[in-house]
Amino acid sequence: MSEAFVTPGEATLSAGQYDDMVRSAHSQTEAFWLQQSRRLTWQTPPSQASRSDFLNDVRIDWYADGFLNASENCLDRHVATHPDKTALIWEGQDDGQREVLSYRVLHARVCRLANVLRRLGVKKGDCVAIHLPMVAEGIIAMLACARIGAIHVVLFGGFSAEGLAERLTDSAAVVVLTADVARRGDKRIPSKTTMDDAITRCGAASRVRHVLVVPVTGVSVPMQAGRDLRYEDEVAREAEECPAERMNAQDPLFLLYTSGSTGRPKGLVHSTGGYLTWAAFTHAVVFDHKADDIFWCTADTSWITGHTYVVYGPLANGGTIVVYEGLPSWPEPGRWWDVIDRNGVTVFYTSPTVVRAAMREDDTVVRSRSLKSLRILGTVGEPISPEAWHWFHDEVGKGRCAVVDTWWQTETGGVMITAAAGCVVPRPGAASRPLPGVEAVLLDAQGTEITGAGEGLLCMARSWPGQAMSIWQDHDRFRQTYFTTCPGYYFTGDGARREEDGYYWITGRVDDVVNVSGHRIGTAEIEDAVATDHEVVESAAVGIPHDLKGQGLVVFVVPREQGVFDPEAVNRAIAAGVGRYAVPEKIYVVRDLPKTRSGKIVRRLLRKIAAHDLEGLGDLSTLADPEIVDELIATVKAQE
Ligand code: PRX
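See below:
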């Protein structure tokens with residue numbers, strides 16, 4: 001194995017070297033992953049790679065005798081070699097708001113905040129919640145937590161107070177960072193007052209001692225004496241140096257909540273050593289990282305993509321990142337293309353939803369921009385259709401950029417299946433090939449591995465460094481969710497098709513998770529929120545194909561009293577329980593739901609009826625009331 005494989009930020013792999021990597025990762029797994037861990041700087045280098053076990057109690061175990069600090073890896077070692085290199089370019093959504101932070105300056109700002117957190121009594125292993133829009137302080141806060149060994153929990157700005165409260169309680173966060181008011185185009189999001197409401201809802205379960213308020217819009221917000229502190233006053237009091245905590249590779253770096261098919265959101269726990277190795281490795285290999293790249297991943301930091309490819313991957317590799325606060329087409333179409341041109345972005349990583357929305361605009365919008373700095377384009381979060389892939393390639397990439405569709409999940413920490421730029425020939429619409437060390441398999445309904453071409457459940461036969469270690473405070477749920485469907489394998493929840501030559505096409509979730517614009521929404525969460533309306537007897541949420549969003553959410557509601565029920569109440573319940581982002585496309589008020597004789601809702605039928613796809617409804621004889629199907633079809637038609 002060549003040392004060239006582990007040079008951070010420099011190596012451009014040839015297709016042949018990449019294939020060698022795939023082979024070594026498969027046959028000399030332990031040595032390969034130890035070598036990859038050398039992308040990082042360790043206080044004590046690990047002597048072993050993995051002792052993971054998918055059976056029994058399930059153990060995800062990487063680099064267990066190694067010690068390191070993630071913020072030192074993202075900052076100090078680059079300050080030592082190139083302090084004046086730009087680490088972060090921030091642009092606000094209003095004209096002229098721009099800030100360029102060198103590694104030296106980013107390091108200083110992270111240290112100041114880390115010192116504040118220490119002064120406020122945050123200890124190694126405590127959780128700190130970060131509820132900020134796309135401002136530099138969001139990234140600074142993540143790295144400041146990492147510096148002192150606090151576990152960060154980044155919370156999406158679109159969650160309702162109830163959604164925030166649930167996550168604050170589960171994580172037992174002791175400090176929260178929030179904005180005064182966030183901006184989203186011409187909308188204003190009352191971050192601080194929503195957070196106040198969330199903490200109140202936690203009641204006695206709240207462990208929040210302090211709320212640090214970052215002045216994003218600069219408006220005045222209510223401050224609770226003793227608890228709430230102004231970010232800028234606090235950091236001004238602190239020194240620009242802060243010793244980094246010595247962390248074991250297996251110590252959690254962060255929790256990130258995501259939706260599953262059942263129950264409340266799960267706080268997935270990512271490790272310090274394995275996760276960071278995976279972030280650095282995948283960022284370098286998938287995006288062919290070069291030292292002078294300007295890397296723009298457009299994801300919000302509250303999603304895993306933002307963690308791994310806004311923050312940890314590019315900064316661990318000493319790269320330059322762009323962070324833009326605003327929307328793609330506000331205040332005018334083509335705004336993001338201007339961000340690319342103004343900053344000389346070389347790698348642009350976004351979602352198929354953004355590509356589809358841009359395709360709908362007049363092509364003169366994209367054609368009037370240069371975009372000549374671009375070298376690599378990427379997408380993530382949902383399948384990209386061949387049509388959208390070609391448009392992205394031809395119009396944004398002007399036919400000369402590599403386009404990488406990347407398949408992965410919150411649980412995987414980083415990219416798993418892709419056509420790594422320059423190494424694997426992409427096939428538009430296909431996720432393409434597993435990365436080195438990713439032992440993807442397809443299983444049939446009996447749990448048997450499918451060989452060659454075929455379609456089945458997408459599983460992983462072996463652990464990889466970026467794999468989440470557990471669900472916060474609920475390891476048994478982790479085991480049950482991911483390791484019992486196909487014993488001995490990690491089950492992704494996705495189905496996939498594989499071609500004879502090993503290319504994967506993702507066919508979508510096989511569980512009750514809906515992917516709206518790349519946001520994962522558990523139908524159970526929606527139904528739980530709807531159930532808080534006492535006028536509702538029961539409900540079922542399903543996903544249907546949506547031109548722009550990939551999937552849209554539709555909710556069938558059975559009210560206590562037909563005729564007097566106001567469907568708007570369902571929207572209100574979802575906005576309050578989950579957040580406005582989860583409000584459905586359509587609500588159908590129905591008399592009953594299709595159920596089997598044992599009372600199980602037949603979602604397959606609801607999905608087809610909602611999508612007006614009435615071909616092949618299948619065998620209806622197992623339904624308790626087969627007549628309900630025609631009635632539902634008629635109701636849906638009448639309520640269009
Ligand atoms: O169904 C897959 C879909 O998004 C799910 C993971 O969602 P989340 O944990 O929120 O992470 C999204 C960003 C990594 C997967 O189970 N998905 C993600 N990427 C793709 C995809 N489906 C098809 N193609 C992709 N490239």
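Counting from 1, one number per residue, gives the positions in the sequence shown under UniProt numbering. Quick reminder that beta carbons are idealized off the backbone N, C-alpha and C, glycines included.
Check                                                                                                                                         : Outcome
By Cβ distance below 7 Å, which residues in the same chain neighbour Val537 in space, the five residues on each side in sequence not counted? : Val558, Pro559 and Arg560
Can Thr353 and Ser517 be called in contact, C-beta distance under 8 Å?                                                                        : yes
With respect to 7 Å, is the separation between the Cβ of Thr353 and the closest non-hydrogen atom of the ligand PRX below this value?         : no
Between Asp233 and Val174, how many whole angstroms is the CB-CB distance? I'm expecting something under 8 Å.                                 : The Cβ separation is near 20 Å, so there is no contact.
By how many angstroms is the C-alpha of Ala316 removed from the C-alpha of Tyr18?                                                             : 21 Å
Along the chain, where does the beta strand (DSSP E) that runs through Ile151 open and close?                                                 : Ile151 to Val154
Of the choices Ala80, Ala453, Ser71 and Val629, whose alpha-carbon is the least far from that of Ile148?                                      : Ser71
Do Gly306 and Ala279 come within 8 Å of each other at the CB atom, strictly closer than that value?                                           : no
Determine whether the Cβ of Ala638 lies closer than 8 Å to any Cβ atom of chain B.                                                            : Checking the listed chains, one finds no chain B in this structure; it contains a single protein chain.
Under DSSP, the beta strand (DSSP E) around Leu458 begins and ends at which residues?                                                         : Gly454 to Met460
Per DSSP, what kind of secondary structure is Ser539 in: helix, strand or coil?                                                               : strand
Cα separation between Leu620 and Phe295?                                                                                                      : 52 Å
Leaving out five residues before and five after Ala144 in sequence, what residues of the same chain have Cβ atoms less than 7 Å from its Cβ?  : Val110, Leu113, Ala114 and Leu117
Is DSSP giving residue 642 helix, strand or coil here?                                                                                        : Only positions 1 to 640 of the chain appear in the structure, and residue 642 is not among them; the question remains open.
Run through DSSP, which three-state label would Asn115 get?                                                                                   : helix
Suppose contacts are defined by Cβ-Cβ distances below 8 Å. Is Ile340 in contact with Ser368 by that definition?                               : no
Quick check: what's the CA-CA separation for Gly9 versus His82?                                                                               : Because Gly9 carries a pLDDT of 39, less than 50, the predicted location of this residue cannot be relied on, and no value is offered for it.
When you measure from the CB of Asp292 to every non-hydrogen atom of the ligand PRX, does any distance come out below 7 Å?                    : no
Alpha carbon to alpha carbon, what distance is there between Asp592 and Ala638?                                                               : 16 Å
Can you tell me which of the three DSSP states Asn69 falls into?                                                                              : coil
Can you give the Cα-Cα distance for Phe5 and His289, rounded to whole angstroms?                                                              : Annotation note: pLDDT 39 at Phe5 (below 50); position unreliable, coordinate value reported separately. Going by the C-alpha atoms only, they are around 12 Å apart.
Does DSSP classify Ala179 as helix, strand or coil?                                                                                           : strand
Starting from Pro352 and walking both ways along the beta strand (DSSP E), at which residues does that stretch end?                           : Taken as a continuous stretch (DSSP letters only), Pro352 belongs to no beta strand (DSSP E), being part of the alpha helix (DSSP H) at Pro352 to Arg360.
Please state the DSSP three-state secondary structure of Leu101.                                                                              : strand
Where does the unbroken alpha helix (DSSP H) through Gln36 begin, and where does it stop?                                                     : Thr29 to Ser37
Looking only at C-alpha atoms, which of Glu568, Gly599, Glu535 and Asp511 sits nearest to Ser259?                                             : Asp511
Within the continuous beta strand (DSSP E) that includes Arg509, where are the two ends?                                                      : Tyr504 to Arg509
So, under 8 Å CB-CB, Thr635 and Tyr588 are touching, yes? Tell me the CB distance rounded to an integer number of Å.                          : 6 Å
Tell me the DSSP bridge mates of His270?                                                                                                      : Phe254
So Asn515 is in the alpha helix (DSSP H); what residue range does that whole segment cover?                                                   : Careful: Asn515 lies outside any alpha helix (DSSP H), inside the beta strand (DSSP E) at Val513 to Val516.
With hydrogens ignored, establish whether the beta-carbon of residue 645 is closer than 7 Å to any heavy atom of the ligand PRX.              : Residue 645 lies beyond the residue range present for the chain, which begins at 1 and ends at 640; the question has no answer from this structure.
Go ahead and pull the three-state DSSP assignment for Gln480.                                                                                 : helix
With C-beta atoms as the reference, is Val153 less than 8 Å away from Met142?                                                                 : no
Okay, do the segment 409 to 423 and the segment 383 to 393 touch, 3+ Cβ pairs below 8 Å being the bar?                                        : no
Exposed or buried, Thr298, counting other C-beta atoms within 10 Å across all chains shown (16 or more means buried)?                         : buried
Please state whether the Cβ-Cβ distance between Asp170 and Gly273 is less than 8 Å.                                                           : no
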